[in-house]
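Note that the protein sequences, when read in sequence, are chains Z and F. This note's numbering puts the first residue of the first sequence at 1, with every later residue one more than the last. This note's numbering puts the first residue of the second sequence at 348, with every later residue one more than the last. See structure below.
Protein chains: 2
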Amino acid sequence: MELQNDLLLRTARGEAVERPPVWLMRQAGRILPQYRALRARLSGFKELVETPHLAAEVTIQPVDELGVDAAIIFSDILVIPEAMGLTYEMVEKKGPRFPTTITSAADVNGLISGDEAAAQLPYVYEALRITKQELAGRVPLIGFAGAPWTIFSYMIEGQGSKTFSKAKKMLYAEPELSRRLLERITDTTIAYLQQKVEAGADLIQVFDSWAGILSPQQYRAFALPCLQRIASAITKVPVTLFSKGAWFALEDIAALDCQTIGLDWNILPDEARKRVGQDKVLQGNLDPCQLYAPPKEVRRATQAMLKSFGRKHIANLGHGVYPDTPLDGVRAFVDTVQAYQYDAEAS
Amino acid sequence: MELQNDLLLRTARGEAVERPPVWLMRQAGRILPQYRALRARLSGFKELVETPHLAAEVTIQPVDELGVDAAIIFSDILVIPEAMGLTYEMVEKKGPRFPTTITSAADVNGLISGDEAAAQLPYVYEALRITKQELAGRVPLIGFAGAPWTIFSYMIEGQGSKTFSKAKKMLYAEPELSRRLLERITDTTIAYLQQKVEAGADLIQVFDSWAGILSPQQYRAFALPCLQRIASAITKVPVTLFSKGAWFALEDIAALDCQTIGLDWNILPDEARKRVGQDKVLQGNLDPCQLYAPPKEVRRATQAMLKSFGRKHIANLGHGVYPDTPLDGVRAFVDTVQAYQYDAEAS
């Protein structure tokens with residue numbers, strides 16, 4: 001089906017566009033009253049992730065309510081470790097938890113991976129197919145996965161952590177075992193993302209949420225090779241790599257086979273462009289807390305950001321929108337981007 | 348009393364030295380068996396902080412056990428909000444918690460600040476005096492405080508946070524009230540640090556532990572002016588500013604009246620030196636998780652770091668040492684630095 005609004009894809013392919021596209025990380029979620037209403041009727045977060053027609057419904061809500069230029073499939077990065085053999089729980093107000101973690105070579109060998117693991121997630125592909133059909137070409141649909149280093153961290157730690165020192169300890173103390181686990185996660189992620197593309201994803205984003213916890217040396221040694229394999233394997237649609245906190249690796253990421261690079265709010269657009277060079281499209285990076293400001297301030301800050309990025313830019317926050325963000329702030333952000341015109345610029 | 352080992356101070360003053368001095372953030376703590384033994388006999392963390400002769404004892408333990416080139420007074424950055432009127436609790440395995448937080452202008456007005464607040468902490472100054480006496484000039488004694496932005500975050504959030512979105516929301520939604528609170532914290536911190544110097548601190552370090560959660564724009568607007576006031580007010584001893592995660596502000600920090608700039612492990616020494624220029628001494632920045640590696644690897648990584656920094660460097664980790672770090676790794680780090688000779692370098 002032909003897309004009525006393909007601004008995101010034209011931008012990601014590097015074509016000249018009239019204005020930047022805009023969407024928000026975590027736009028399908030608690031910021032929307034219709035999400036909270038639906039969620040309240042369910043047993044828990046995982047029911048929503050695992051029920052395709054519900055996942056499709058919440059995926060489309062922000063397109064209806066906010067008019068954003070893209071939908072992103074409602075899911076969780078932790079379906080990958082689950083498909084490999086480690087079940088996760090979502091603990092209300094605390095976040096995810098794995099009752100079993102990886103501590104030894106035997107644990108790594110006991111996992112399944114690649115196509116066999118990716119085949120455990122039919123509900124995700126079904127959710128994409130339903131969403132595609134129900135969107136009926138209004139906007140592109142983004143598919144996503146966690147980056148292998150981030151998934152590895154959860155599999156070792158069993159939950160979030162301030163320091164991720166267990167996961168990092170494994171890199172330092174058992175580098176070969178670490179590489180083996182990272183490779184198996186990468187194999188699975190590639191098979192999974194290829195199936196997402198088959199099911200209708202128009203663009204793929206890889207979230208390396210814990211990139212910033214690694215030193216530049218470790219990121220280069222352990223995390224980048226996985227991202228490179230994934231970016232090179234996804235050839236049919238554009239790929240966005242978002243390594244949160246890894247400003248130090250931007251030059252390296254810019255050398256990978258991706259089209260777009262996500263940025264957190266810690267880096268100024270100018271500095272990012274200097275590090276990345278002229279080729280790649282940049283995505284980001286308003287501070288999510290900026291949306292707590294009065295709408296007038298949100299408009300000012302959004303315009304300043306757009307101006308600073310110039311062309312080759314997908315407007316977004318520098319992190320997922322926080323659940324208690326006022327809808328007025330979110331709307332001020334989206335509307336400001338959609339009213340922006342590159343032609344009005346001096347450049 | 349004359350110092351027998353004044354390597355840290357000579358380095359901080361920019362003098363030519365034979366090798367870098369070395370100490371570890373959180374060296375007085377759970378890595379040492381004698382600390383754990385003493386701690387087990389007490390009612391809790393705060394008893395240790397508030398009992399001068401015990402604080403002095405654990406301050407000196409790493410000098411005895413590891414032979415580091417400096418002692419840092421055992422205390423907590425949260426004594427400042429407590430002195431201003433917000434009592435904190437230390438919850439075992441969870442961290443600090445404030446039963447009452449700041450939510451309004453009335454709350455800010457209700458705090459005490461400046462000399463009056465600093466006068467609430469006689470036990471800290473007494474701990475410094477006892478430590479100075481018991482050290483008998485073996486090594487310099489470092490005094491410290493949290494940076495006002497970090498203290499502000501705790502006072503608003505009431506505890507640690509993944510996003511610090513409440514504290515950041517206050518900056519965006521109530522900038523004037525935020526500035527007023529930051530100023531009162533700064534007044535208190537200056538009075539407190541001046542008393543620490545009077546009590547014997549040979550160098551002052553300011554920890555901005557949550558610097559990295561702010562955007563470059565917000566850090567410049569709210570955090571830097573406080574650091575500037577503190578650095579300019581402490582004139583009798585060298586000042587180290589350590590803003591964790593604020594790589595984007597290094598040029599700005601380099602323009603302040605400090606002698607040394609602390610670095611986390613996310614930045615390569617070359618890049619830090621380029622941003623900071625030639626004047627300031629740099630401190631850091633081995634990844635604390637590197638000490639989990641076999642001692643041979645610790646030695647290799649430490650040597651690589653020392654070589655990369657060259658002169659004008661105080662060897663340390665990029666963050667406080669983690670409590671479960673093997674002492675063998677810590678010793679390999681300290682011993683490698685102390686065996687290093689600048690003369691052996693090609694430069």
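Yeah, the Cβ is synthetic: ideal placement off N, Cα and C, and Gly gets one too.
Measuring CA to CA, which of F:P641, F:I489, F:A596, F:Y689 is closest to L540 (chain F)? Counted from its first residue, the second sequence places residue 540 (chain F) at position 193. Looking at the Cα atoms, F:I489 is the closest of the given residues.
To the nearest angstrom, how far is it from the Cα of V396 (chain F) to the Cα of I156 (chain Z)? By 1-based counting over the second sequence, the position of residue 396 (chain F) is 49. By 1-based counting over the first sequence, the position of residue 156 (chain Z) is 156. In this model, V396 (chain F) and I156 (chain Z) are separated by some 34 Å (Cα to Cα).
What residue does the alpha helix (DSSP H) around N456 (chain F) start on, and which one ends it? To locate residue 456 (chain F), count along the second sequence from 1; it is residue 109. In the DSSP annotation of this structure, the continuous segment of the alpha helix (DSSP H) that includes N456 (chain F) starts and ends at 452-456.
Could I get the ranges of all uninterrupted beta strand (DSSP E) runs contained in the region 543-592 of chain F, with 3 residues as the minimum, in chain order? With a minimum length of 3 residues, the continuous beta strand (DSSP E) runs that stay inside the region 543-592 of chain F are 550-555, 586-590.
Going along chain F in order, which residues have a C-beta closer than 8 Å to the C-beta of K93 (chain Z)? On the first sequence, residue 93 (chain Z) is found 93 positions in, with the first residue counted as 1. Near K93 (chain Z) there are no residues of chain F at all, since even the closest Cβ is about 12 Å away, more than 8 Å.
Residues of chain Z with CB under 9 Å from G559 (chain F), in chain order? As a working mapping, residue 559 (chain F) is identified with position 212 in the second sequence. Within chain Z, the residues near G559 (chain F) are G212, G245, N266.
M1 (chain Z): buried (16+ other C-beta within 10 angstroms of its C-beta) or exposed? Here residue 1 (chain Z) refers to the residue found at position 1 when the first sequence is read from its first residue. Exposed is the call here.
Is it the case that the Cβ atoms of S379 (chain Z) and A211 (chain Z) are separated by a distance below 8 Å? With chain Z running from 1 to 347 in the structure shown, residue 379 (chain Z) is simply not present.
Own chain residues within Cβ distance below 7 Å of I60 (chain Z), not counting five before or after: Your numbering for residue 60 (chain Z) matches position 60 in the first sequence. Shown here for I60 (chain Z): same chain residues with a beta carbon closer than 7 Å to its own, the five before and five after excluded, namely A71, T131, E134, L135 in chain order.
Where A593 (chain F) falls, given that 16 or more other Cβ within 10 Å makes a residue buried: Taking the second sequence and counting its residues from 1, the one referred to as residue 593 (chain F) is at position 246. A593 (chain F) is buried by the Cβ-count criterion.
Report the neighbours of A520 (chain F) on chain Z: residues whose CB is nearer than 7 Å to its CB, in chain order. Here residue 520 (chain F) refers to the residue found at position 173 of the second sequence. Listed along chain Z are Y292, A293, each with a C-beta nearer than 7 Å to that of A520 (chain F).
From T529 (chain F) to A106 (chain Z), what does the alpha carbon distance come to, in whole angstroms? Counted from its first residue, the second sequence places residue 529 (chain F) at position 182. Counted from its first residue, the first sequence places residue 106 (chain Z) at position 106. Note on residue identity: the sequence assigns Leu, not Thr, to residue 529 (chain F). So the alpha carbons of these two residues sit roughly 52 Å apart.
Can you confirm whether F392 (chain F), when its beta carbon is compared against all beta carbons of chain Z, has any partner nearer than 8 Å? Along the second sequence, read from residue 1 onward, the residue named residue 392 (chain F) stands at position 45. By this cut-off, F392 (chain F) is not an interface position.
Are the beta-carbon atoms of L550 (chain F) and P487 (chain F) separated by less than 8 Å? Position 203 of the second sequence, counting from 1, holds the residue named residue 550 (chain F). Position 140 of the second sequence, counting from 1, holds the residue named residue 487 (chain F). In this structure, P487 (chain F) lies closer than 8 Å to L550 (chain F) by Cβ.
Does the beta carbon of K307 (chain Z) sit closer than 8 Å to a beta carbon anywhere in chain F? Your numbering for residue 307 (chain Z) matches position 307 in the first sequence. No, K307 (chain Z) lies away from the interface with chain F (no Cβ there is under 8 Å from its Cβ).
For the structure I just gave you, are there three or more beta carbon pairs, one from the region 600-620 of chain F and one from the region 641-650 of chain F, closer than 8 Å? The region 641-650 of chain F and the region 600-620 of chain F do not touch, with fewer than three beta-carbon pairs separated by less than 8 Å.
Taking buried to mean at least 16 other C-beta atoms within 10 Å of its own C-beta, is K509 (chain F) buried or exposed? Start at 1 with the first residue of the second sequence, and residue 509 (chain F) comes out as number 162. When all chains shown are included, K509 (chain F) counts as exposed.
Around the Cβ of T497 (chain F), are there at least 16 other Cβ atoms within 10 angstroms (buried) or fewer (exposed)? For the purposes of this step, residue 497 (chain F) is taken as residue 150 along the second sequence, with counting starting at 1. Counting C-beta atoms within 10 angstroms of its own C-beta, T497 (chain F) has 16 or more neighbours from the protein chains shown and is therefore classed as buried.
Find the nearest neighbour of F392 (chain F) within the set F:D604, F:Q564, F:E436, F:G609, judged by alpha-carbon distance. By one-based count along the second sequence, residue 392 (chain F) stands at place 45. Scanning F:D604, F:Q564, F:E436, F:G609 for the CA closest to the CA of F392 (chain F) turns up F:E436.
So who's on the other strand from T607 (chain F), going by DSSP bridges? Within the second sequence, numbered from 1, the residue matching residue 607 (chain F) stands at position 260. Bridge partners of T607 (chain F): F:T587, F:V628.
Boundaries of the beta strand (DSSP E) in which R97 (chain Z) is found, first to last residue: Residue 97 (chain Z) sits at position 97 when you count from the first residue of the first sequence. Taken as a continuous stretch (DSSP letters only), the beta strand (DSSP E) holding R97 (chain Z) covers 95-97.
Which term fits Q542 (chain F), buried or exposed, when burial requires 16 or more other beta carbons within 10 angstroms of its beta carbon? For the purposes of this step, residue 542 (chain F) is taken as residue 195 along the second sequence, with counting starting at 1. Buried, because 16 or more other Cβ atoms sit within 10 Å of the Cβ of Q542 (chain F).
Am I right that F491 (chain F) and Q552 (chain F) are in contact with their C-beta atoms under 8 Å? What's the rounded C-beta distance? Position 144 of the second sequence, counted from the first residue, corresponds to residue 491 (chain F). Position 205 of the second sequence, counted from the first residue, corresponds to residue 552 (chain F). F491 (chain F) to Q552 (chain F), Cβ: 4 Å. Contact.
Between the C-alpha atoms of S347 (chain Z) and L588 (chain F), what's the straight-line distance to the nearest angstrom? As a first step, residue 347 (chain Z) must be located in the first sequence, where it is residue number 347. As a first step, residue 588 (chain F) must be located in the second sequence, where it is residue number 241. In this prediction, S347 (chain Z) has a pLDDT of 45, which is less than 50 and means its spatial position is unreliable; nothing more can be read from the coordinates.
Is the shortest distance between the beta-carbon of P96 (chain Z) and the beta-carbons of chain F less than 8 Å? Counted from its first residue, the first sequence places residue 96 (chain Z) at position 96. Under the Cβ criterion of 8 Å, P96 (chain Z) is not counted among the residues facing chain F.
Whether V369 (chain F) touches V684 (chain F) by CB criterion (8 Å): Indexing the second sequence from 1 puts residue 369 (chain F) at position 22. Indexing the second sequence from 1 puts residue 684 (chain F) at position 337. Yes, the Cβ-Cβ distance between V369 (chain F) and V684 (chain F) is below 8 Å.
Are the region 456-471 of chain F and the region 350-357 of chain F touching, with three or more C-beta to C-beta distances below 8 Å? In short, these stretches do not touch, since the Cβ pair count stays below three.
Status (buried if at least 16 other CB within 10 Å, exposed otherwise) for S43 (chain Z): Residue numbering aside, residue 43 (chain Z) sits at position 43 when the first sequence is read from its first letter. With fewer than 16 other Cβ atoms inside 10 Å of its own Cβ, S43 (chain Z) counts as exposed.
Closest by CA to E404 (chain F), which one among F:G414, F:T607, F:Y382? If you number the second sequence from 1, residue 404 (chain F) lands on position 57. Each of F:G414, F:T607, F:Y382 was checked against the Cα of E404 (chain F), and the nearest Cα belongs to F:Y382.
Please list, in chain order, all residues of the same chain as V334 (chain Z) whose beta carbon is under 7 Å from its beta carbon, the five residues on each side excluded. Here residue 334 (chain Z) refers to the residue found at position 334 of the first sequence. When the five nearest sequence neighbours on each side are left out, the beta carbons in the same chain lying within less than 7 Å of the beta carbon of V334 (chain Z) are those of V22, L66, G67, V68, in order along the chain.
In this structure, how does DSSP classify Q27 (chain Z) when only helix, strand and coil are distinguished? The residue labelled residue 27 (chain Z) in the question sits at position 27 within the first sequence. If DSSP states are grouped into helix, strand and coil, Q27 (chain Z) belongs with coil.
8 Å Cβ cutoff, F305 (chain F) in contact with chain Z: In this structure chain F extends from 348 to 694, so residue 305 (chain F) is not present and cannot be described.
Residue range of the unbroken alpha helix (DSSP H) whose run includes F400 (chain F): Translated into the one-based positions of the second sequence, residue 400 (chain F) becomes position 53. For the record, residue 400 (chain F) in the displayed sequence is His; it is not Phe. 399-413 is the span of the alpha helix (DSSP H), which, as asked, contains H400 (chain F).
Does S694 (chain F) come within less than 8 Å of chain Z when only Cβ atoms are used? Within the second sequence, residue 694 (chain F) is the residue found at index 347, counting from 1. Residue placement at S694 (chain F) is flagged as unreliable, the pLDDT there being 44, under the threshold of 50; the coordinate-derived value follows with that caveat. No, S694 (chain F) does not count as interfacial toward chain Z.
DSSP beta-bridge partners of V369 (chain F): Within the second sequence, residue 369 (chain F) is the residue found at index 22, counting from 1. V369 (chain F) pairs with F:A662.
Relative to the C-alpha of E362 (chain F), which residue among F:P585, F:L664, F:N632 is closest? What you label residue 362 (chain F) is simply residue 15 of the second sequence in a count that begins at 1. If we check each option's Cα against that of E362 (chain F), F:P585 comes out closest.
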